[in-house]
Amino acid sequence: QYAALALIAALAAPLALSAAASYPFDPSVEKGAVTLTFDDANSSMADFIFPLMDAASQKGVLYVPTGFVGDEGYLTWEQITARSDSGWEIGGHSVNHLELPEVSATTMQFEINQCVADLAAFGITNTSFALPFGAYDNKTIAAIAKVFNANRAFHNQGLNRWPYNKYLLYVRYVTNQTTVAEVQAWVDEAMAKGQWLIVVFHEVLPVVDPDDTYSWRTDQLEAFLAYLNAQGIKANTIQEALAPFRNTLPN
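The number in our numbering is simply the position in the sequence shown, starting from 1, with 104 added.
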């Protein structure tokens, strides 16, 4: 009996070492992490968000509904690839920004797979997805997992604690009622708990219409970025935060 157990232990040891090598735990994650994500690729981002982020030497994640690129009110592919070249992560946000669980299976597959193809046509691969309207079901998540490296939620609020569910990453989103102090408190909580905060922004404008629920003001973003820098915090992209926890098996 003991000989059999010893044999099992001997066979299991290399597997345990292999697993540890494949799934390294980065102790730095215990210090907490912050990711700044920006949805929809509105053209105003080039006027306000990008200059503020560049001035603060911070980078973010831009989620692009690829069917809108180049249309009036949206960024061009030239502007998007320039962000990628500067160190930003460019993620998918479907093609036409539809509520994916509400469309046919064929349309849902198109929205996800064509989004991947559109990004790949400009050299953007191995990236993450953000759910339009935060809407999902099991079939949606399964389809995303086949072609994207991660998936960011919207209505699922909170911090991300290791081990991460990378196909339903939790967030805290900014509205026109969110104060700078509140977002700073989110950061403080993540740092204190050694967890990962993903913040969702949409448009950032000098003046925000009270009916524009998910917009923030430029002075607020500028103050928040100054706070991050004062704390010595550099925002990670989704892929940077996930890099130490690589899945060696295909989805």
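Ideal Cβ placement from N, Cα and C applies to all residues, glycine included.
DSSP, reduced to helix, strand and coil, places residue 290 within a helical segment of the structure shown. The segment 215-233 makes no contact with the segment 148-157; the number of CB pairs closer than 8 Å stays below 3. For residue 279, the CB contacts under 7 Å within the same chain, skipping 5 residues up- and downstream, are 317, 318 in chain order. When DSSP reads this structure, residue 146 sits in a beta bridge with 178. Excluding five sequence positions before and after residue 245, the CB atoms of its chain that fall closer than 8 Å to its own CB belong to 255, 271, 272, given in chain order. Contiguous beta strand (DSSP E) elements confined to the segment 187-211 occur at 193-196, taking only those with 3 or more residues. Take the alpha-carbon of residue 285 and the one of residue 322: they are about 15 Å apart.
Straight across, the Cα-Cα distance linking residue 325 with residue 164 is about 13 Å. Residue 259 is classed as exposed because its beta carbon has fewer than 16 other beta carbons within 10 Å across all chains shown.
Proximity to residue 252 across 297, 196, 201 peaks at 196, based on C-alpha coordinates.
Counting of Cβ neighbours within 10 angstroms places residue 145 among the buried residues, the total reaching 16 or more. The shortest CA-to-CA distance from residue 229 to any of 288, 138, 188, 306 is the one to 188.
The Cβ-Cβ distance between residue 193 and residue 341 falls below 9 Å.
One alpha carbon belongs to residue 266, the other to residue 328, and they sit about 26 Å apart. Short of 7 Å from the beta carbon of residue 205, and not among the five residues preceding or following it, lie these beta carbons of its own chain, in chain order: 239, 240, 241, 244.
Distance check between residue 339 and each of 305, 310, 301 places 301 closest, using alpha-carbon atoms only. For residue 254, the enclosing beta strand (DSSP E) covers residues 254-261. Closest in alpha carbon position to residue 347, among 186, 232, 179, 168, is 232. In the three-state reduction of the DSSP assignment, residue 272 falls in the coil class.
Under the three-state reduction of DSSP, residue 301 is assigned to strand. As the crow flies, the alpha-carbon of residue 181 is around 34 Å from that of residue 294.
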